[in-house]
Each structure stands twice: as structure tokens, then as C-alpha cells.
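Visitor: Per the working numbering, residue 16 is the first one in the sequence shown, and the count goes up by one each step.
Just so you know, even glycine gets a beta-carbon here, dropped at the ideal spot from N, CA and C.
It should be emphasised that the depicted structure is a prediction, and the values quoted were computed from it without experimental measurement.
Quick one: the structure is below, and I'll ask about it shortly.
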Amino acid sequence: MGAGREDAAALTRSTRTRAWPLVIRRATEQDHDAVLAFASGTWEGWDYIPNAWPVWLHASDGAFLVGTVGESPGAGREPLLDAEGSPLDVGQVVAITRVAMVSESEAWLEGIRVDPRVRGMGVAADLQVAELQWVAAQRADVVRYATGGENEASHRLGARDGIKVIARFRGWWWSATGSAEDDDHDPSAFEEAIHLAATERRREALKRLGEARMIVAAERDDIDDLWRRLTADPTFTAGQRLFEARSWAMAELTEAAFRRHVERGEVVVSREPVADGGWAIAILVGEQLPSEDSALRLALLCGDGPSAAALADEIRRLAGHSIRFRVPAEAPMITGHEKRFREAGFVTRDWEMHLLARQMHDGQPIPAADPARLVLADTPARIEPPRW
């Protein structure tokens, strides 16, 4: 499973002068073969881009962009060469990325891939400038992306333009064997049949949770108290008040968003405290949004450790399926309580997902596009925010 920027080896290291500009435009159907030629085997022969292609190409909540080889400027044009000195063609696709909106004010970067033939030539750095130009056009307050904790190249790339680590997350999931190594990938929710089946599974789980009186009813008179308790929760604050709005994409859980999830019957609480003062809360979104991950994934799990472990276990049992969730690394909910989660059958790996962000209105200027290196062939246009 990928967060979209994991193929970042040599992304920030320019080893050969590039005599041609990178031309950024929206992807088209005709780019299919060229893109998949270098974006199909990023992780030991696997990549989610082939599954994402038909969805991202037409989705209104993001701009699926390609970077192509532009013509060398000037009368005595230099030959178009890759990092090894082999010839390139004008218009040849050498990079992709997607700029998405996860709310009206929050942008998300994903799916960056660079053809190995042009790595080390500053392509990814220029691609990131193009991403920020698109983000600025949305008037977004913040832009974020996720990458593996060990991916130093991706961290360096982000830092070039002020995108820095703000939080670290660990994934937990229920395993029938109790082994984190038996982590079979779920079918891709980019496929319509899988997407619909996963949505049905989520809705059935919410129905069962409702029958068990674990769903927060919109007419409850303590919604304000629940929100205040959540905002004071140390695990919630450790995660920068973010939740997994869709698989592998984080957004801020505002009070307005929290109330929308309450109205939709997607907020789950413990039936009874496990210990004095024990409390836990979770969000299970009823619709499986298109993504590579079709797992029954909690968008949020917070509370004290024993209660949160018990709530996750009860959700899993009532749903009748394995569930997944992310929590901040070293979260108070987990620290000192790992044994309770493991006794309930939940496992985790050492791998961390790092979340990087840049505030767009902090006085730091957006890098300008140098026309000798970067051309925006399509003017950045409005991206529709999702309606979740």
C-alpha cells in the first residue's frame, strides 16, 4: 500500500543538467501506456497507479497531472537527453502527480511518480513547484502529503518548499493469526464492484452498531460535551486533530465535520466505560470512497487505552470483519496499553507513515515557475472539494 510519494529515490539530487523544460498538463486517455510504462512496478513489481488511472482521470476532487518533455529554448537547441544521455522526444511523459482537495480549504498531494530515466535531473523538484501552483489556485489554507518514515528523499523534497513533518502515524489492524506479517492486501476499491461491496460492508457494520446502541444519535443533548471531550483528548491532539477522511488521505476534523458525521450516524462510542472515567470514540465512514484500500478502516479512534481497545474489539466483532485504524506514533492511547490491543488481536508493524504539511498563508511565497525549467501548459483550475 502506498501513500503516493514513496518512489522518491534521487528526487532531490540533480546529477545532470536538464536542457529541456518540464511541461505540466492534465492527463488524458492517450497517456495511459506511457504512464503505466514507468508507474506499474514501483514497489517490488507492484503499484496502485494502474488501478487508480481510470478513476483519477475523471474524478472531480483532484487534478491528475502529467509532466512531459518540452522543447529546448533558444535558436541553437540542445538535444533532449535523459539522465544517461539517451534521446528523449518532445511531449514524452516522464512524470505524474495528483493534486486533490480533501475539504474546501485542504489540499492533498499523491501519486507522484518520475520515470527512472530522468531521475536526478530535478524533475520532481519542478513537479512539486507545479503542485504548489495548483494548490495556490484552490486558495487552500494548507497542503499535506504522506510518505514512509524512512523515505529521506521525499522528506528532503518537501523541505525544499517548506513542506515539513507534522505528525507520525502507526497502523493497527485485527489479524486472525496475530501476526503482522500475515497482512494480505484487500482488493482495490478503485474497482467499482469492490467499491460498492465495501460500502455495503460499512453500512451493514453501522447498522449492527446502531442496533447495539453504540452510534451517537443526532438528537442526543450531549453532542457539545462529546466534541469538547474529543478536542481535549491527547491522542487527538497528538495527531494534529486529523482523521483519515478517505483511505491514505488525512483532513482536519473540525466541529462542523464532526457534526456531519454524527448526523450521518457514523460516530461510535463505548456502550459502557471499561474503568472509572473510561471513554472512547470512533468514526466509521459509511461510504467506501475510491482508493486502493478497501479495508473496513476507522477514520478515527481516540480515548483512553483500555476503552479504545475494547471499542475497537467490539466494532470488529459486531462488524464481522477485520478492521484497521491509524493512531499517532507513541499516542497516549497506545503507550502503556499495547498489551490490551494485542490481546484483542490487533497487530502493528514498525513502519511509520509520516505526514508532511505546509501552511499556504504564512507569509512564505509560493515558488515561481521558471519558464526555462517548468511550463504550466494547463492553467491551474478549480478542483471541486468532496462532499463527504
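Check whether the stretch 291 to 302 and the stretch 146 to 160 are in contact - that is, three or more C-beta pairs closer than 8 Å.
Guide: Touching, no, given that fewer than three Cβ pairs across the two stretches are closer than 8 Å.
Visitor: Out of curiosity, what's the CA-to-CA distance linking A314 and R261?
Guide: Here residue 314 refers to the residue found at position 299 when the sequence shown is read from its first residue. Here residue 261 refers to the residue found at position 246 when the sequence shown is read from its first residue. Straight-line Cα distance between these residues: approximately 7 Å.
Visitor: Return helix, strand or coil for L333, following the three-state DSSP convention.
Guide: Along the sequence shown, one-based indexing puts residue 333 at 318. Helix.
Visitor: Please name the residue in R218, W366, E207 and P69 whose C-alpha comes closest to that of L333.
Guide: By one-based count along the sequence shown, residue 333 stands at place 318. The option with the nearest alpha carbon to L333 is R218.
Visitor: Considering W263, what are the terminal residues of the alpha helix (DSSP H) in which it resides?
Guide: Counted from its first residue, the sequence shown places residue 263 at position 248. Where W263 is concerned, there is no enclosing alpha helix (DSSP H), given that its DSSP letter is neither H nor E.
Visitor: So the candidates are C317, S87, G164 and A387; which of them puts its Cα closest to the Cα of L241?
Guide: If you number the sequence shown from 1, residue 241 lands on position 226. Considering only alpha carbons, the answer is C317.
Visitor: What residues are listed by DSSP as bridge partners for P380?
Guide: In the sequence shown, the residue the question calls residue 380 occupies position 365. BP columns for P380 are empty, so no partner.
Visitor: Give the DSSP bridge partners of T162, in chain order.
Guide: Counted from its first residue, the sequence shown places residue 162 at position 147. H369.
Visitor: If you draw a straight line from the alpha carbon of R134 to that of V84, how long is it in whole angstroms?
Guide: Your numbering for residue 134 matches position 119 in the sequence shown. Your numbering for residue 84 matches position 69 in the sequence shown. Rounded to the nearest angstrom, the two C-alpha atoms are 13 Å apart.
Visitor: What is the DSSP secondary structure of E206, counted as helix, strand or coil?
Guide: The residue given as residue 206 occupies position 191 in the sequence shown. Correct three-state label for E206: coil.
Visitor: Roughly how many angstroms separate the alpha carbons of H170 and T350, rounded to a whole number?
Guide: For the purposes of this step, residue 170 is taken as residue 155 along the sequence shown, with counting starting at 1. For the purposes of this step, residue 350 is taken as residue 335 along the sequence shown, with counting starting at 1. Roughly 26 Å between the two C-alpha positions.
Visitor: Excluding five sequence neighbours on each side, which residues of the same chain lie with their C-beta closer than 8 Å to the C-beta of A145?
Guide: Against the sequence shown, residue 145 aligns to sequence position 130. Around A145: L37, I39, L80, G82, T112, A384, L389 and L391.
Visitor: Skipping 5 residues on each side, what residues in its chain have a beta carbon closer than 7 Å to that of D46?
Guide: Working through the sequence shown from its first residue, we reach residue 46 at position 31. Taken in chain order, the residues that qualify are V81 and V108.
Visitor: Kindly give me the distance between the Cβ atoms of Q374 and V180, rounded to whole angstroms, as I take these residues to be in contact under 8 Å.
Guide: Indexing the sequence shown from 1 puts residue 374 at position 359. Indexing the sequence shown from 1 puts residue 180 at position 165. Contact flag wrong, Cβ pair sits at about 14 Å.
Visitor: So, with DSSP's three-state summary, where would you put R397?
Guide: Locating residue 397 in the sequence shown gives position 382, where the first residue counts as 1. In the structure shown, R397 sits in coil (DSSP, three-state: anything other than H, G, I, E or B).
Visitor: Roughly how far, in whole angstroms, is the beta-carbon of R41 from the beta-carbon of A74, given that I think they are within contact range, below 8 Å?
Guide: If you number the sequence shown from 1, residue 41 lands on position 26. If you number the sequence shown from 1, residue 74 lands on position 59. Not confirmed; about 12 Å, so no contact.
Visitor: Among A396, A195, A387 and V105, which one has its Cα closest to the Cα of S337?
Guide: Taking the first residue of the sequence shown as position 1, residue 337 is located at position 322. Cα-wise, what sits closest to S337 is A195.
Visitor: Using only the alpha-carbon positions, how far apart do V283 and I330 sit?
Guide: Taking the first residue of the sequence shown as 1, we reach residue 283 at position 268. Taking the first residue of the sequence shown as 1, we reach residue 330 at position 315. So the alpha carbons of these two residues sit roughly 9 Å apart.
Visitor: What alpha helix (DSSP H) runs, 4 residues minimum, are completely inside the stretch 134 to 180?
Guide: DSSP runs (the alpha helix (DSSP H)) wholly in the stretch 134 to 180: 138 to 152 and 167 to 175.
Visitor: So R323 and A359 are supposed to be a Cβ contact under 8 Å. How far apart are they, rounded?
Guide: Here the question's residue 323 lines up with position 308 in the sequence shown. Here the question's residue 359 lines up with position 344 in the sequence shown. For the record, residue 323 in the displayed sequence is Ala; it is not Arg. A323 to A359, Cβ: 10 Å. No contact.
Visitor: Which value, in whole angstroms, describes the spacing of the CA atoms of T246 and R274?
Guide: Counting from one through the sequence shown, the residue named residue 246 turns up at place 231. Counting from one through the sequence shown, the residue named residue 274 turns up at place 259. Between T246 and R274, the C-alpha separation is close to 13 Å.
Visitor: Taking all protein chains shown into account, decide if R228 is buried (16 or more other Cβ within 10 angstroms of its Cβ) or exposed.
Guide: Numbered from 1 along the sequence shown, position 213 holds the residue referred to as residue 228. Classification for R228: exposed.
Visitor: Under a three-way DSSP split, which group does Q374 fall into?
Guide: As a position in the sequence shown, residue 374 is number 359, starting the count at 1. Three-state result, Q374: strand.
Visitor: Run the CB neighbour count on V277, radius 10 Å, all protein chains shown included, and call it buried at 16 or more, exposed below.
Guide: As a working mapping, residue 277 is identified with position 262 in the sequence shown. Buried, because 16 or more other Cβ atoms sit within 10 Å of the Cβ of V277.
Visitor: Do three or more CB pairs link the stretch 340 to 349 to the stretch 248 to 260 at distances below 8 Å?
Guide: The stretch 340 to 349, when compared against the stretch 248 to 260, does touch it at the 8 Å Cβ threshold.
Visitor: Considering Cα atoms alone, identify which of A297, G186, G100 and P400 is closest to R244.
Guide: Position 229 of the sequence shown, counted from the start, is the residue given in the question as residue 244. R244 has its Cα closest to that of A297, out of A297, G186, G100 and P400.
Visitor: Just verifying my parser: in three-state terms, what is the DSSP assignment at A49?
Guide: Within the sequence shown, numbered from 1, the residue matching residue 49 stands at position 34. The answer is helix: DSSP assigns A49 an H, G or I state.
Visitor: Start and end of the alpha helix (DSSP H) containing E278?
Guide: Walking along the sequence shown from the start, residue 278 turns up at place 263. Taken as a continuous stretch (DSSP letters only), the alpha helix (DSSP H) holding E278 covers E270 to E278.
Visitor: Strictly by DSSP, which residues pair up with L316?
Guide: Reading the sequence shown from its first residue, position 301 is the one you call residue 316. Per DSSP, A297.
Visitor: Where A213 and L103 are concerned, what is the direct C-alpha to C-alpha distance, given to the nearest angstrom?
Guide: Locating residue 213 in the sequence shown gives position 198, counting from the first residue. Locating residue 103 in the sequence shown gives position 88, counting from the first residue. Looking at the two C-alpha atoms, the distance is approximately 43 Å.
Visitor: May I ask you to report which of helix, strand or coil DSSP gives T83?
Guide: If you number the sequence shown from 1, residue 83 lands on position 68. Here T83 sits in strand by DSSP.
Visitor: For E270, collect the residues of the same chain with a Cβ closer than 6 Å to its Cβ; drop the 5 residues on either side in sequence, then sort them by chain order.
Guide: Taking the sequence shown and counting its residues from 1, one reaches residue 270 at position 255. Cβ neighbours of E270 beyond the five flanking positions: W242.
Visitor: Could you tell me how far apart the beta carbons of E267 and E99 are, in whole angstroms, since I believe they sit closer than 8 Å?
Guide: Numbered from its first residue, the sequence shown carries residue 267 at position 252. Numbered from its first residue, the sequence shown carries residue 99 at position 84. E267 to E99, Cβ: 44 Å. No contact.
Visitor: Please report how far the alpha carbon of A110 lies from the alpha carbon of L95, in whole angstroms.
Guide: Start at 1 with the first residue of the sequence shown, and residue 110 comes out as number 95. Start at 1 with the first residue of the sequence shown, and residue 95 comes out as number 80. If you take the alpha carbons of A110 and L95, they lie about 16 Å apart.
Visitor: Drop a sphere of 10 angstroms on the beta-carbon of A285, count the other beta-carbons inside from all chains shown, and report buried for 16 or more, exposed for fewer.
Guide: Residue 285 sits at position 270 when you count from the first residue of the sequence shown. It is worth fixing the name first, because residue 285 is Ser in this sequence and not Ala. Burial call: buried.
Visitor: Take the Cβ of E259 as the centre, count every other Cβ of all protein chains shown within 10 Å, and call the residue buried at 16 or more, exposed below.
Guide: Counted from its first residue, the sequence shown places residue 259 at position 244. E259 should be labelled buried.
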